[in-house]
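K.L.:
First residue of the sequence shown: 246, per the numbering used here; consecutive thereafter.
Dropping the structure in here first, questions after.
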Amino acid sequence: MQSNARAADATAPSMRHVLVLLNARAGTLLDRGGEAVRDLVERELGKEGRTLEVHLLSGKNLLRSIRESGRGQHDTVIVGGGDGSVNLAVSSLDGSDKVLGILPLGTLNLLAHDIGMPMELEAALAALDEAQPSTVDLATLNGKMFHTISGMGFFSQMARAREAARKLKLWRFFAVAFAAFHAIRRSGRMELDVTIDGTAHSFSAFAALVSVNRFTGPGWRRGRLDEGLLEIHIAEDRGALALLKAGADMVTDNWRGNPGIVSLAGRSITVVRHNRSRSWVSTDGELDRETMPLNYNILPGALRLLMPPRPATGPAA
């Protein structure tokens with residue numbers, strides 16, 4: 246689906262000096278060959294009047310180049326990778342006047358999906374070639390920026406399993422069932438105190454997931470990226486059968502009607518997990534141990550992002 250965002254200044258230069266950083270270990274590059282993909286990027290984006298610099302990198306070299314991408318003469322940074330690479334780029338470009346572009350080469354590509362980027366390489370490059378900068382919201386977790394989701398427990402594991410399973414077609418049911426079984430085994434009940442814009446709530450839950458702006462469907466997609474809101478989704482502990490039902494509803498996009506899943510919105514959210522000073526948290530696909538409390542805050546219009554053109558006719562994809 247094509248998400249709304251605040252239009253950037255139409256007179257601002259777009260993609261005159263472009264730095265492209267490609268993850269050499271991304272599946273698309275491994276399948277098609279890194280050099281072949283680099284040649285394609287140079288051919289499709291290297292238009293007259295545009296300076297283009299393309300690097301094929303992996304490991305520490307890729308991380309270092311993304312971290313340094315906020316400096317230099319380029320006005321645009323295009324990251325070819327997954328949500329983790331995009332997450333690093335978001336923080337690396339903070340405070341610069343550079344625009345971020347996404348070439349979706351990862352497994353889930355959550356932000357790329359939300360802005361309507363095609364997942365096929367050639368189509369994505371064509372969309373980037375015509376894309377224009379807009380401003381979208383970001384959020385912070387304990388001061389660290391992220392672009393889409395952050396959460397603990399079964400809920401975030403199932404959200405990711407559901408997205409990965411979409412590609413498996415006939416095997417989708419079995420893949421999700423397998424993921425759900427292991428997620429249930431790994432997930433335990435959490436006693437949570439959640440404060441939203443100063444209002445306190447308490448939950449006995451299997452999971453908590455925070456999204457930058459609200460999921461409006463279908464599924465786990467955000468209708469807008471500029472609402473200036475956070476939304477927290479709590480999977481309450483209502484027994485093993487209710488947990489299985491919540492997992493099934495997440496797979497089939499019926500989770501909004503599940504009484505065991507509570508969603509609340511605000512600009513500032515604090516989560517405290519009882520008897521824990523630290524907890525594992527998955528943020529934009531990267532797992533890390535975070536110190537309690539978990540302090541989430543919205544950053545309206547914090548990122549300049551290349552948005553693909555809207556479809557000329559028909560409903561948004």
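Ideal placement from N, C-alpha and C gives every residue a C-beta, glycine not left out.
No experiment lies behind these values; they were computed from the predicted model shown.
My understanding is that R523 touches M537, with C-beta atoms under 8 angstroms, so please give their C-beta distance in whole angstroms.
P.N.:
Correct: roughly 6 angstroms between the Cβ atoms.
K.L.:
Measure the alpha-carbon distance for L308 versus S314 and round it to whole angstroms.
P.N.:
Each residue's alpha carbon lies about 10 angstroms from the other.
K.L.:
If you follow the beta strand (DSSP E) that A371 is in, where does it begin and where does it stop?
P.N.:
Looking at the DSSP string, A371 is not in any beta strand (DSSP E); the run it does join, the alpha helix (DSSP H), is L366 to E375.
K.L.:
On the criterion of 16 or more Cβ atoms from any shown chain inside 10 Å, does S395 qualify as buried, or is it exposed?
P.N.:
So S395 ends up on the buried side.
K.L.:
Does the segment 364-381 come into contact with the segment 433-448, if we say contact requires no fewer than three beta-carbon pairs (one atom in each stretch) closer than 8 angstroms?
P.N.:
Touching, no.
K.L.:
Quick one: measure Cβ to Cβ for V344 and T321, integer angstroms, because I've assumed they're closer than 8 angstroms.
P.N.:
5 angstroms between Cβ atoms; contact.
K.L.:
Find the nearest neighbour of M552 within the set R312, A369 and L454, judged by alpha-carbon distance.
P.N.:
Answer by Cα proximity: A369.
K.L.:
Quick one: what does DSSP say S310 is sitting in, helix, strand or coil?
P.N.:
Helix at S310.
K.L.:
Within its chain, find whatever has a CB closer than 7 angstroms to the CB of P349; leave out the 5 residues flanking it on each side and keep chain order.
P.N.:
Excluding sequence neighbours, P349 sits near A357, M362, M364 and A369.
K.L.:
By DSSP, does G325 sit in helix, in strand, or in coil?
P.N.:
Strand at G325.
K.L.:
What residues in its chain sit with their C-beta under 8 angstroms from that of R312, if we drop five residues either side in the sequence?
P.N.:
L333 and S337.
K.L.:
Once the 5 residues before and after G317 are set aside, which same chain residues still bring their CB inside 6 angstroms of it?
P.N.:
Nothing listed; no residue qualifies.
K.L.:
In terms of residues, what are the limits of the alpha helix (DSSP H) holding G279?
P.N.:
Per DSSP, G279 belongs to the alpha helix (DSSP H) from G279 to L290.
K.L.:
Looking at T352 and the ligand ATP, is the gap between the Cβ and the nearest heavy atom below 8 angstroms?
P.N.:
The ligand ATP is absent from the structure shown, which contains no ligands of any kind.
K.L.:
Between F460, D328, L470 and A371, which lies nearest to L532 when the distance is taken from Cα to Cα?
P.N.:
Here the closest residue by C-alpha is D328.
K.L.:
Mind checking who K389 pairs with in its DSSP beta bridge?
P.N.:
Note: K389 sits in a beta bridge opposite L386.
K.L.:
Rounded to whole angstroms, what is the Cα-Cα separation between A271 and R534?
P.N.:
Rounded to the nearest angstrom, the two C-alpha atoms are 25 angstroms apart.
K.L.:
Roughly how many angstroms lie between the CA atoms of N542 and G294, to the nearest whole one?
P.N.:
So the alpha carbons of these two residues sit roughly 40 angstroms apart.
K.L.:
Whole angstroms are fine: how far does the CA of R469 sit from the CA of L454?
P.N.:
Rounded to the nearest angstrom, the two C-alpha atoms are 18 angstroms apart.
K.L.:
Grouping DSSP H, G and I as helix and E and B as strand, with all else coil, what is G449?
P.N.:
In the sequence as presented, Gly is not what sits at residue 449; that position holds Ser. Reduced to three states, the DSSP call for S449 is strand.
K.L.:
Is the separation between the beta-carbon of F460 and that of H478 shorter than 9 angstroms?
P.N.:
Against a cut-off of 9 angstroms, the Cβ pair of H478 and F460 comes out as a contact.
K.L.:
For H392, does the count of other Cβ atoms within 10 angstroms reach 16, so buried, or fall short, so exposed?
P.N.:
Counting Cβ neighbours within 10 Å, H392 comes out buried, since at least 16 surround it.
K.L.:
How is the beta strand (DSSP E) around H478 delimited, first residue to last?
P.N.:
Its beta strand (DSSP E) spans residues L475 to E481.
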